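Before any comments, here is the structure.
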Ligand SMILES: *[C@@H]1O[C@H](CO)[C@@H](O)[C@H](O)[C@H]1NC(C)=O
Ligand SMILES: *[C@@H]1O[C@H](CO)[C@@H](O)[C@H](O)[C@H]1NC(C)=O
Ligand SMILES: *[C@@H]1O[C@H](CO)[C@@H](O)[C@H](O)[C@H]1NC(C)=O
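See below:
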């Protein structure tokens, strides 16, 4: 019996090497290209908008331009990815998403969208429904790895975290888009950290509620408690590791690492192992296993390591700014404890939260805690009741979980 398994194992290994070498001779066109090229490959026009923040970070953002947009007078919608993500996350999920002018008619009846045909790229779906889509990139990711003064490989550049993404990058981008489009408000859809940063901004500068309508938070990681996977704990709750990361500001999981991993998958043996792991990607994460290489080419896209430290602190500190330790906190904040983001100060009436019972990173209890901390209740709060709908499925999917997009489109149709 044991021998049989052994033989089967090598049989599969051999066949995988064979099959996947063949497979790789036809690389996916979305594999090695950047946002602008992906946007144009679907028949849209792309615009690149470089925005410089007051502290010198150069942020590169992409706009998906529908050829009819001039006639539609469309609402700008900002799409903000989660930790280690980039704007690419909203346009590489599935190979389709081509410009389709007939889709504009479905704007008020999103339940009739044929996702099999139109795909599961939120960016292209919104653009086809006639929205003015902006893929925004915070400091430190692949597209926003530049500075007016600091070398992107220096520790000065990486001495930052999502506190500044929330209080500097986000309002700078919002004001830029409002100015560029001459609109009164933007819509904002943030996944995970993309939601965290908006909750932080609306606590810190409550007046931004007037500029952001609606704010749709997909699994916002505001309270994460100890719900993140057990195996990560020793890393992010380790004092030695956190002080090491705090003392040596640097970049974590840059895209060049995912590119390297990606290139390793071209080595037959690695490829064979990868081929065997891939089906479980679908079973465990419910992503399209045939696009695993494409996902790996675009994610992770880099973030300041301080973000990891910060998320680790959330479990014990709650929703506060980064904790540098008493002495440095006094220097930086003037208080020994890092300042709290007062969720009670948020006065937006246009917050929509969507989360899933299957999310193990932002557990439903954490969302309950978030909602309980708000003084103004969310306009809408939708809980997806599917145990196999995971945290990552808000972005990547195998096509079985995309119906929740219709909630988003229904909400947007009311603005
Ligand atoms: C980074 O920004 C500087 C301007 O401060 C510019 O000259 C340079 O080309 C940029 N580098 C990249 C890789 O975009
Ligand atoms: C969620 O799904 C479970 C199992 O399918 C069901 O028992 C439960 O009633 C559902 N809850 C809601 C709120 O729909
Ligand atoms: C999964 O990926 C393959 C390869 O890119 C593609 O042909 C297929 O349509 C995708 N499936 C879905 C549901 O997006």
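Numbering (mature numbering (1 follows the signal peptide of the UniProt record, and there is no 0)), first residue to last: -19 to -1, 1 to 396.
Note that the Cβ used here is the ideal one computed from N, Cα and C, for glycine as well.
All figures in this text were calculated on a predicted structure; none of them were measured in a lab.
| Asked | Found |
| --- | --- |
| Separation of residue 140 from residue 37, as counted between CA atoms | 13 Å |
| Contiguous beta strand (DSSP E) assignments of at least 3 residues, all confined to the segment 258 to 321 | none |
| heavy atom of ligand 1 below 7 Å from residue 127 C-beta | yes |
| Close beta carbons around residue 89, own chain, < 7 Å, minus the five adjacent residues each side | 394 |
| Nonlocal neighbours in the same chain, by C-beta distance under 7 Å from residue 318, ignoring five residues either side | 310 |
| Endpoints, alpha helix (DSSP H) assigned at residue 183 | 174 to 185 |
| Residue 223 in three-state terms, based on DSSP | helix |
| Residue 76: CB within 7 Å of a non-hydrogen atom of ligand 3 | yes |
| Where residue 336 sits in the DSSP three-state scheme | strand |
| Cβ-heavy atom distance, residue 269 to ligand 2, below 7 Å | no |
| Pair within 8 Å by beta-carbon distance, residue 104 and residue 45 | yes |
| Among 291, 224, 200 and 106, nearest to residue 346 - alpha-carbon criterion | 200 |
| Beta strand (DSSP E) segments (min. 3 residues) lying fully within the segment 351 to 378 | 361 to 365 |
| Residues bridged to residue 8 [DSSP beta-bridge criterion] | According to DSSP, residue 8 bridges with nothing at all. |
| Residue 27, enclosing beta strand (DSSP E) - first and last residue | 26 to 33 |
| Three-state secondary structure assigned by DSSP to residue 90 | coil |
| Per-residue burial, residue -2 [other beta carbons within 10 Å of its own, 16 or more giving buried] | Residue placement at residue -2 is flagged as unreliable, the pLDDT there being 41, under the threshold of 50; the coordinate-derived value follows with that caveat. Its Cβ having fewer than 16 others within 10 Å, residue -2 is exposed. |
| Coil, strand or helix - residue 246 by DSSP | coil |
| Coil, strand or helix - residue 395 by DSSP | coil |
| Length of the line joining the Cα atoms of residue 342 and residue 148 | 24 Å |
| For residue 204 and residue 297, the rounded distance between their alpha carbons | 10 Å |
| Residue 109 beta carbon near ligand 2 (any heavy atom closer than 7 Å) | no |
| Inter-stretch contact (C-beta, 8 Å, three-pair minimum) for the segment 103 to 118 and the segment 54 to 70 | yes |
| Where the alpha helix (DSSP H) containing residue 98 begins and where it ends | 96 to 99 |
| Given residue 391 as reference, the closest of 9, 93, 77 and 40 once Cα atoms are compared | 93 |
| Residues that DSSP places opposite residue 115 in a beta bridge | 44 and 59 |
| Rounded distance between the beta-carbons of residue 70 and residue 278, thought under 8 Å | 12 Å between Cβ atoms; not a contact. |
| C-alpha distance - residue 372 paired with residue 340, whole-angstrom precision | 5 Å |
| Assigned secondary structure, residue 342 (DSSP; H/G/I helix, E/B strand, else coil) | coil |
| Residue closest to residue 142, alpha-carbon to alpha-carbon, out of 161, 122 and 33 | 122 |
| Beta-carbon proximity of residue 322 to residue 180, cut-off 8 Å | yes |
| Check whether residue 167 and residue 192 have beta carbons under 8 Å apart | yes |
| Contact under 8 Å by Cβ, residue 138 with residue 144 | no |
| Minimum C-alpha distance to residue 365 - residue among 212, 20, 384 and 259 | 384 |
| Beta carbon of residue 102 nearer than 8 Å to that of residue 78 | yes |
| Residue 196 - partner residues in DSSP beta bridges | 169 and 332 |
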